[in-house]
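What follows is one structure encoded as structure tokens, with my remarks underneath.
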Amino acid sequence: MRFAPSDEQRELEAVVRQVLTDRCPPETVRAGAGSAQVASLAESLAGLGVAGLLVAEDDGGLGLDENHLVSVFEQIGYAAAPLPLTATLAVAPAVLASGAPDLLASLVEGSLTVGADPAVTGRVAFGSGADLVLSGGFGGTGRIEVLDVSEATASASPSVDFALDLTEYADARPVAIVDDPQVVRLAWERGVLAASAELIGLSRRMLDLAVEHVRTREQFGVPIGSFQAVKHHLATALLQLEFAAPVVATAGFELAAGVPGRLRSLATAKALASEAAHVVGRAALQCHGAIGYTTEYDLQLFLKRSWALEASWGSSAWHRAALLADLGVGLTGARPAS
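Here the sequence shown is numbered in full-length UniProt numbering, starting from 1 and rising by one per residue.
Structure representation (structure tokens):
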């Protein structure tokens, strides 16, 4: 059993990383929805064909699996790409293949942008430019409603992450309802996996920013990175990250292979990725000092995105509770009577 990335994964990861490096610097994240920079980023990603990552080859997609999803979304997180990529790349393929197969071609060619609202909050991340919204399916249960929002009334919703582009819609038009339990479960699993991998990428970027800062920022005539307390903060952050990343990769492998116990790995992956992002973000902020809070500095772009993602697709607490329930453990720690 091999969890290391394959050569194909590494090649795809390198191509996506290059596009994001070129097209999604912090200035693009700041530019926000509707800007020429974000439109150029979306066009470049569409040119790579990543929207068809999980779409079958018979439907014009790349026909790849969740292992590749992890590789791609770590790069997306590292750049904090301001697009609804979790919904479009990870969740939409299975839902549209089941409920609206005539839309798959548009998804693959990159002309269809999809948002997601799994918890039916009424708010959609990166929603202002969405054509469709997938509503429902939280926890992999119930049903997912496919809504056409291309002509709906949209209004902005406040968020701690201004680049998140939270949007509320009125008068959305229902297109399809997907209630196949297997499809709903798969869509949820892929959404959770993508969010977990994105958190790993965000954590790496925040840690890199912190390391770069402590190497160049001086106090008492020496870099602050030479101070033992700073080293301890960053070592703890790195430890959390390096424990979480392999678990996310394992969850991707098990989901791709259809391993029966994959839900436990997936819940563990999201919990650990969320907690790693929290620890790394806190350490990065402490190492930066007051400058880390300022909107002019890049750290806050990745920190705020991680806050939003920690709570999305199930928080750490939610996934830990789901894991305990799956193991048959009650709140007291004892197994309930059968």
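In this text, a Cβ means the ideal position worked out from N, Cα and C, and glycines have one as well.
Quick one: residues in its chain with C-beta nearer than 7 Å to the C-beta of residue i, no 5 flanking neighbours on either side, listed in chain order?
i: residue 79; result: 20, 24
i: residue 176; result: 99, 100, 146
i: residue 259; result: none
i: residue 252; result: 66, 67, 69, 70, 193
i: residue 236; result: 279, 283
i: residue 189; result: 140, 255, 266
Please report how far the alpha carbon of residue i lies from the alpha carbon of residue j, in whole angstroms.
i: residue 284; j: residue 210; result: 5 Å
i: residue 273; j: residue 105; result: 33 Å
i: residue 15; j: residue 328; result: 43 Å
i: residue 215; j: residue 137; result: 45 Å
i: residue 342; j: residue 37; result: This structure gives no information on residue 342, because the portion of the chain shown stretches from 1 to 338.
i: residue 230; j: residue 134; result: 44 Å
i: residue 333; j: residue 324; result: Any answer about residue 333 is weak, because its pLDDT of 44 lies below 50 and its placement is not dependable; what the coordinates show is given next. Near 9 Å, if we compare the C-alpha coordinates of residue 324 and residue 333.
i: residue 254; j: residue 6; result: 15 Å
i: residue 320; j: residue 140; result: 16 Å
i: residue 157; j: residue 128; result: 10 Å
i: residue 268; j: residue 199; result: 13 Å
i: residue 92; j: residue 63; result: 14 Å
i: residue 155; j: residue 34; result: 14 Å
i: residue 338; j: residue 142; result: Annotation note: pLDDT 32 at residue 338 (below 50); position unreliable, no value reported.
i: residue 43; j: residue 28; result: 14 Å
i: residue 152; j: residue 178; result: 21 Å
i: residue 41; j: residue 85; result: 12 Å
i: residue 213; j: residue 184; result: 44 Å
i: residue 60; j: residue 256; result: 20 Å
i: residue 250; j: residue 232; result: 28 Å
i: residue 55; j: residue 292; result: 40 Å
i: residue 115; j: residue 247; result: 26 Å
i: residue 221; j: residue 238; result: 26 Å
Smallest Cα separation from residue i: which of the options?
i: residue 310; options: 151, 196, 253, 291; result: 196
i: residue 94; options: 321, 258, 187; result: 187
i: residue 193; options: 296, 55, 30, 72; result: 72
i: residue 299; options: 233, 308, 206, 149; result: 206
i: residue 245; options: 12, 169, 77; result: 77
i: residue 8; options: 39, 65, 40, 55; result: 65
i: residue 87; options: 191, 12, 22, 180; result: 191
i: residue 57; options: 173, 97, 212; result: 97
i: residue 12; options: 119, 32, 75; result: 75
i: residue 322; options: 112, 54, 271, 288; result: 271
i: residue 122; options: 148, 170, 114; result: 170
i: residue 32; options: 172, 185, 166, 22; result: 166
i: residue 290; options: 234, 125, 247, 217; result: 217
i: residue 168; options: 221, 297, 120, 174; result: 120
i: residue 124; options: 316, 312, 318, 228; result: 312
i: residue 30; options: 314, 295, 113; result: 295
i: residue 39; options: 286, 126, 314; result: 126
Report the CB separation of residue i from residue j in whole angstroms; it is logged as a contact under 8 Å.
i: residue 103; j: residue 51; result: With 8 Å as the limit, residue 103 and residue 51 do not qualify as a contact, their Cβ atoms being about 12 Å apart.
i: residue 266; j: residue 326; result: Not confirmed; about 10 Å, so no contact.
i: residue 223; j: residue 163; result: Contact doesn't hold; Cβ gap of about 31 Å is too wide.
i: residue 131; j: residue 150; result: 5 Å
i: residue 53; j: residue 112; result: Not really, about 14 Å apart at Cβ, beyond 8 Å.
Output needed for residue i: all residues of its chain with C-beta closer than 6 Å, excluding positions within five of it in sequence on either side, in chain order.
i: residue 203; result: 241, 276, 277, 280
i: residue 161; result: 304, 305, 308
i: residue 302; result: 80, 202, 205, 206
i: residue 118; result: 137, 138
i: residue 110; result: 46, 51
Once you ignore the five residues that flank residue i on each side, which residues in its own chain have a CB closer than 8 Å to its CB?
i: residue 48; result: 15, 16, 19
i: residue 180; result: 98
i: residue 22; result: 44
Can you tell me which residues form a DSSP beta bridge with residue i?
i: residue 219; result: 222
i: residue 283; result: DSSP, once it has assigned bridges, lists no residue as partnering residue 283.
i: residue 98; result: The partner list for residue 98 (beta bridge, DSSP) is empty, contrary to what the question assumes.
i: residue 174; result: 147
i: residue 167; result: 124, 156
i: residue 135; result: 117, 145
Is any heavy atom of the ligand FMN found at a distance shorter than 6 Å from the C-beta of residue i?
i: residue 308; result: In the structure on display, the ligand FMN does not appear, and there are no ligands present to speak of.
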